[in-house]
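By the working numbering, the letter at position 6 of the sequence shown is numbered 6, and the numbering carries on one by one without gaps. By construction, the Cβ of each residue, glycine as well, lies at the ideal position given by its N, Cα and C atoms.
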Amino acid sequence: MADKVAVMYAGKIVEYGTADDIFYDPKHPYTWALLSSMPSLDTRDTLEAIPGTPPNMIYPPKGDAFADRNKYAMKIDFEKEPPFFKVSDTHYAATWLLHPDSPKVDPPRSVTDRIKAMKKMEVPGNV
1 MADKVAVMYA
11 GKIVEYGTAD
21 DIFYDPKHPY
31 TWALLSSMPS
41 LDTRDTLEAI
51 PGTPPNMIYP
61 PKGDAFADRN
71 KYAMKIDFEK
81 EPPFFKVSDT
91 HYAATWLLHP
101 DSPKVDPPRS
111 VTDRIKAMKK
121 MEVPGNV
């Protein structure tokens with residue numbers, strides 16, 4: 001049980017916010033990948049694996065450490081580490097996808113389906 005959640009990749013926080021922010025409105029592609037790889041008792045769907053391997057942090061990559069494994073990575077991801085972008089007063093994510101000039105990318109269907117399923121399971125007054 002937690003009120004606030006931080007998602008880490010390669011030793012750095014890449015997204016943080018309230019539990020509701022992270023589980024119901026994730027913004028970082030790594031968070032999406034983690035949610036997509038989480039098993040569910042309600043389905044027999046195949047889990048999605050995160051492609052590739054984590055970077056060697058003895059020789060850290062230039063740019064975003066998740067770029068090589070991120071199917072949404074843009075050229076800038078391989079050149080510059082993204083800053084934290086404010087999603088709300090409680091929610092921040094370090095992804096170039098939140099830059100105002102970046103293309104609009106929605107979370108994968110596996111994530112939006114999981115969010116819908118979690119909302120169906122909510123008990124009124126227990127959110």
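Outcome for residue i when other beta-carbon atoms lying within 10 angstroms are tallied against a minimum of 16
{"i": "L41", "result": "exposed"}
{"i": "Y59", "result": "exposed"}
{"i": "D89", "result": "exposed"}
{"i": "P82", "result": "buried"}
Beta-carbon contacts of residue i that lie in its chain and below 8 Å, excluding the five residues immediately before and after
{"i": "I13", "result": "A6, V7, A94"}
{"i": "V87", "result": "G17, D21, D25, K27, A93, L98"}
{"i": "D177", "result": "Within the shown structure, residues of the chain are numbered from 1 to 127, placing residue 177 beyond reach of any answer."}
{"i": "S37", "result": "L47, E48, A49, I50"}
Residue interval of the beta strand (DSSP E) (run including residue i)
{"i": "K4", "result": "4–9"}
{"i": "Y92", "result": "91–93"}
Distance CB(residue i)-CB(residue j) smaller than 8 Å
{"i": "L35", "j": "R109", "result": "no"}
{"i": "K62", "j": "F78", "result": "yes"}
{"i": "A73", "j": "A65", "result": "no"}
{"i": "P29", "j": "N70", "result": "yes"}
Own chain partners of residue i with C-beta closer than 7 Å, once the 5 adjacent residues on each side are dropped
{"i": "K116", "result": "none"}
Sequence-distant residues of its chain with Cβ nearer than 6 Å to residue i (five each side left out)
{"i": "A33", "result": "I50"}
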